[in-house]
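Here's the structure we're looking at; comments come further down.
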Amino acid sequence: LGILPNPDAPSATALSRLLDVELLAFHRMARALMRTLLPTAADADSVLPPLAPGRGSYTDVLRAVGAPTPGAVLGCPRLLRTMRKWVSVSRASLNAAHDALSAAPAAGALPAPWRPLAGPAAGAAPPPPASLLLLSAAGPSHLWQLPERYTDIFSSSALRAHRCPATGKPPAEPAICLVCGAVLCAGTACCKREGVGALTRHACAECSEGAGVFLLVHKCQVILLRGGHAAYWSSPFVDEFGEEDSGLRRGRPLRLDLARVASLQRLQAGHAIAAEVVRERSTRDRVIRDNYW
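Set out below in structure tokens:
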């Protein structure tokens, strides 16, 4: 990943010992719980087997519960791609913070995300470095920048230049990924593969690890995806009365609602997309067919 190790970080031996202590304690408590819930000890052993004699490391516990080792997790290609994306965004943010601090050394002239709320009291600990303040305010969880006016989406170069990879024509039902800005065909048969829509494949295999956020351009609706499950969410664009225009039926000018964008941002940054999809689907009389989008 191109990151230099922190000389103050714990050693691998210390981390290994910590994992041994914590996971072995977890294994003991989990087995005690299984013996309480299940009728016989044999049933408990079948669910969570005991460690073999002489085995007492965290890798033995992981093997017993069928979990991968840390080395296997860190060697996952999808995880490495995601980590590289985070590192590149963090480096860009740190460079922006350095430029901002160099150009505005006075505290009152700092950009809002890094400006301290109040001066430190006498004897208080110094504030964290600007880079840490920056990383807490800006990171890889930011959504794609939407225009102020909804009509500007139709005139954007990305949408106008996009062609369906299957037909070579402009998409009949375009959707924009609000995580990376990609334009895709939404729910149309041209881009479905084995019954799975293009948005689902994009979210699961290419962009957001299965938790996708998309804007249906011709409907002015947001789609939340978690795996093959989907749910509609509030549109970030409203008219002058603060009302949505689902399906663009009224034809009124629509503008970006910053409060709705902030709510959607918090949902995505807080890893709450899956929970929101479950909540929406459980409260609706009709739900979207799995893998449709």
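Under the working numbering, residues 104 to 396 are what the sequence shown spells out, in order.
Heads up, the beta-carbon is just placed ideally off N, CA and C, and yes, glycines get one too.
Small disclaimer: the values here were computed from a predicted structure and weren't measured.
When DSSP reads this structure, A334 sits in a beta bridge with L327. No Cβ-Cβ contact shorter than 7 angstroms links V286 with P273. The residue from A314, V150, G350 with its alpha-carbon nearest to that of I376 is A314.
According to the DSSP assignment, P173 belongs to the alpha helix (DSSP H) that extends over 173-177. The Cβ-Cβ distance between C267 and C293 falls below 7 angstroms.
One alpha carbon belongs to W336, the other to A378, and they sit about 13 angstroms apart. Around the beta carbon of H332, 16 or more other beta carbons sit within 10 angstroms, so the residue counts as buried. A check of alpha carbon separations from G169 across S160, P180, L151, G284 identifies L151 as the nearest. Comparing alpha-carbon positions, the option among S114, R134, A167, Y395 lying closest to E297 turns out to be Y395.
Counting along the chain, F344 sits inside no alpha helix (DSSP H), nor does DSSP assign it H or E at all. Take the alpha-carbon of W247 and the one of P173: they are about 32 angstroms apart. Put simply, the backbone Cα of R363 is about 18 angstroms away from that of G284. A direct Cα-Cα distance of roughly 20 angstroms separates G373 from E309.
Judged by beta-carbon spacing, Q324 lies within the 7 angstroms limit of S349, meaning their Cβ atoms are closer than that value.
Under the three-state reduction of DSSP, A264 is assigned to helix. In this structure, the alpha-carbon of S258 lies about 12 angstroms from that of V320. For A314, no alpha helix (DSSP H) run applies; the uninterrupted beta strand (DSSP E) run containing it begins and ends at 314-319, by DSSP. Taking a 10 Å sphere around the C-beta of C280, we find 16 or more other C-beta atoms and assign the residue as buried. Within 10 angstroms of the beta-carbon of S311 lie 16 or more other beta-carbons, which makes it buried. Annotated three-state conformation of C280 is strand, per DSSP. The bridge partners DSSP lists for V299 are R296. Taking all protein chains shown into account, P171 has fewer than 16 neighbouring C-beta atoms within 10 Å of its C-beta and is therefore exposed.
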